[in-house]
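Colleague: Would you mind keeping the following structure in view while I ask a few things?
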Amino acid sequence: MKQLALTFLIVLISLTSWSKRTSVPLIGDKAPSFSEKSTNGLLNFPGDFGTNWKILFSHPLDFTAVCTSELCGLARNQEKLNALGVKVAVVSIDEIDRHLLWKEFMERVLKDEGKTTKIEYPIVADLSGEVSKKYGMLHHSANDKRDVRGVFIIDPDNIIQAISFYPMNVGRNMDEILRTVQALQLTRKENVLTPMNWQPGDDVLVPHKPYTSDELEQNPELKDKYYQKGEYMWFKKMKE
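The sequence shown runs contiguously to residue 240 in UniProt numbering.
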């Protein structure tokens, strides 16, 4: 009986430990905070980014092909991200000196393309793996020592609004990340929803019929601003 109880206790401890290691904060949760060394000095995340929108971007390993293509892509889109009020932090389980050398290497790659782009975003040295654990970016069935490709989009109130994970062999789509940020910003600003394949400037959905019969009678121009598809979908025109 004692042996059975001991076995049960060991299993329970193992499951609890596994759960803690693989815990992923969810959409609607407060973004976990951390303080770590980065290529821009000590980063206190998300506090140092104030009331900006934020993206936390993880990668498996410095000086690898897919990761280099992704972080160079981030650098090429810095102006677009700045225009959207977005601050980016990148994290991996690598040493700070390795990050700094890789940053120099990537800036040479960008220079060879004819760009004078400097990498502005901080690359965090999560050598202990604590940041990766807080954000559930260590997927132990894939690799228990290297992050998967994670993206957390966080709003000005430091609430997680979107999450995506990609495997180590597939690079992320920067256009989709930008599109998601723009959709989140629009739906935060206005009481609208974005349909499948929405692009900035496209018409948007509204959560319910936008006017009553009396309102339409008083303001006939409402009919020119909205239209219906099927029984459940009401759209708002975004272009005149």
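Idealized CB from N, CA, C, for every residue including glycine.
When the distance is taken between beta carbons, is glutamate 215 closer than 8 angstroms to leucine 222?
Modeller: Yes, these two residues count as a Cβ contact at 8 angstroms.
Colleague: I believe proline 46 touches isoleucine 154 by the beta-carbon criterion, under 8 angstroms. Please report the beta-carbon distance rounded to the nearest angstrom.
Modeller: 6 angstroms
Colleague: From leucine 12 to alanine 75, what distance separates their C-alpha atoms?
Modeller: The pLDDT assigned to leucine 12 is 47, lower than 50, so where the model puts this residue is not dependable, and the model offers no usable value.
Colleague: Over the uninterrupted beta strand (DSSP E) stretch that includes glutamate 120, give me the two end residues.
Modeller: Premise fails: glutamate 120 is in no beta strand (DSSP E) and is neither H nor E.
Colleague: Can you grab the Cα-Cα spacing for the pair lysine 20 / lysine 133, in whole Å?
Modeller: With a pLDDT of 49 at lysine 20, under the threshold of 50, the modelled position of that residue is not reliable, and no figure is offered here.
Colleague: Between isoleucine 93 and valine 181, what straight-line distance do the alpha-carbon atoms span, to the nearest angstrom?
Modeller: Rounded to whole angstroms, the separation of the alpha carbons of valine 181 and isoleucine 93 is 26 angstroms.
Colleague: In three-state DSSP terms, what is isoleucine 96?
Modeller: Three-state DSSP puts isoleucine 96 in a helix.
Colleague: Are the CB atoms of alanine 142 and valine 151 nearer to each other than 8 angstroms?
Modeller: no
Colleague: Once the 5 residues before and after arginine 108 are set aside, which same chain residues still bring their CB inside 7 angstroms of it?
Modeller: None.
Colleague: So within the stretch 57–111, which uninterrupted alpha helix (DSSP H) runs reach at least 4 residues, ignoring any that extend past its ends?
Modeller: 65–76, 78–83
Colleague: For glutamate 120, collect the residues of the same chain with a Cβ closer than 6 angstroms to its Cβ; drop the 5 residues on either side in sequence, then sort them by chain order.
Modeller: Shown here for glutamate 120: same chain residues with a beta carbon closer than 6 angstroms to its own, the five before and five after excluded, namely Gln78 in chain order.
Colleague: Return the residue from the list Asp224, Leu127, Leu61, Leu81 that minimises the CA-CA distance to glutamate 176.
Modeller: Leu81
Colleague: Using C-beta distances below 6 angstroms, list every residue in its chain close to glycine 85, excluding the 5 sequence neighbours before and after it, in chain order.
Modeller: Asn52, Trp53
Colleague: Note the first and the last residue of the continuous beta strand (DSSP E) segment covering serine 38.
Modeller: 34–38
Colleague: At what residues does the alpha helix (DSSP H) containing methionine 174 begin and finish?
Modeller: 174–189
Colleague: Helix, strand or coil, according to DSSP, for serine 164 in the structure here?
Modeller: Looking at serine 164 - three-state DSSP - the assignment turns out to be strand.
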